Amino acid sequence: RGIIVSTSGFTHDAEKYIEKKDVKDNADKISKEIERHLMQSIQNGDLYNSEQILNDYLAEILLKSDLGIDFIKVKLYELSIMNLRAAVDAGAQIEEVSLIINDYIKSISNETDYPKICLHTTNLLENIITLINKLSYNKKNNTHLIKAMNYIADHYAENITLESVSKKVFVSNYYLSHLFSDQLKMTFQEYLTKTRMEASLELIKAGNYKIMEIAEMVGFNDSSYFAKVFRKYYGTVPQTYLLDKNKIISE
């Protein structure tokens, strides 16, 4: 998604560079083709290729260094906005990216040594791409986890296991187990049991089934074990819960 970026969240130094019309006019001479390729590479999270393109970008700026340090900084400020857009388009929170960009702007605002400015710029690129790759990794993880959760929601009444669900979502047992513990802070079995308990409670509330039937409908072959697990979750056995519910209805 596209965004409109305001300079209000950045330092006055950066705004001062942008406001210099003669600097802005000369800045337009920098190759837009390099900027386009760099933007695409950043969005793809390709650090190696992005660094190569950035080197070309910085070299072109250096060729125009006779235009002054303000010219260099205005181009790098524009580059930072490009980094911001790439990260936000990848799903990053604009507030989080703005902090990274603002730190970068502050680091170059009073710097006059071009190699040091280049180093700060490379560090900015690495930070942004690291953030984008982290988002991509989390998104991929969430996709596998969501598929597993959806499968459980559709098949909790069956004799499913970590192994069988892992095969259905095409990941290893270890990886899926890690996703549940890392993202949901519970084991696969705990999540499966939670899903079954919530389903059983809805069936009891419906009032159309016997306890033994409900146990089987949510994946328990042993109604006594089902009652034990139910009590752990809700503080009472299913029979008592059902009697209390019917009592409330009759009253």
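Throughout the sequence shown, residue numbering follows this note's numbering, covering 4 to 254 in sequence.
Note that beta-carbon positions come from the ideal geometry of N, C-alpha and C, so glycine has one too.
Everything numeric in this text was worked out from a predicted model, so none of it was measured.
- Residue environment for Gly222: buried (at least 16 other C-beta atoms within 10 angstroms of its C-beta).
- CA-to-CA, the gap between Asn126 and Tyr237 works out to about 53 Å.
- In summary, Met189 is exposed, with fewer than 16 beta-carbon neighbours lying within 10 Å of its beta-carbon over all protein chains present.
- Here Phe74 is buried. Its C-beta has 16 or more other C-beta atoms within 10 Å.
- Less than 8 Å divides the Cβ of Ser180 from the Cβ of Leu165.
- At least 8 Å separates the beta-carbon of Leu82 from that of Ile132.
- DSSP places Glu161 outside both helix and strand once states are collapsed to three, so it counts as coil.
- In this structure, DSSP gives Lys35 a helical state, which the three-state scheme calls helix.
- Assignment of Glu219 by DSSP, reduced to helix, strand and coil, places it in the helix class.
- Between the alpha carbons of Ser203 and Ser139 lies a distance of about 36 Å.
- Taken through DSSP and simplified to helix, strand or coil, Asp106 comes out as helix.
- Here the alpha carbon of Thr198 sits roughly 33 Å from the alpha carbon of Leu134.
- Membership of Ala89 in the alpha helix (DSSP H) is indicated by the continuous run Ile72 to Asp92.
- Taking C-alpha positions only, Glu99 is separated from Ser169 by approximately 34 Å.
- Shown here, Tyr212 sits in coil according to DSSP, grouped into three states, outside any helix or strand.
- Exposure of Arg39 is indicated by the presence of fewer than 16 other C-beta atoms within 10 angstroms of its C-beta.
- Ser53 carries a helical assignment under DSSP once its states are collapsed to helix, strand and coil.
- Non-local C-beta neighbours of Thr243 in its own chain, meaning closer than 8 Å and more than five positions away in sequence, are absent.
- Boundaries cannot be given for Ser175, as no alpha helix (DSSP H) includes it and DSSP labels it neither H nor E.
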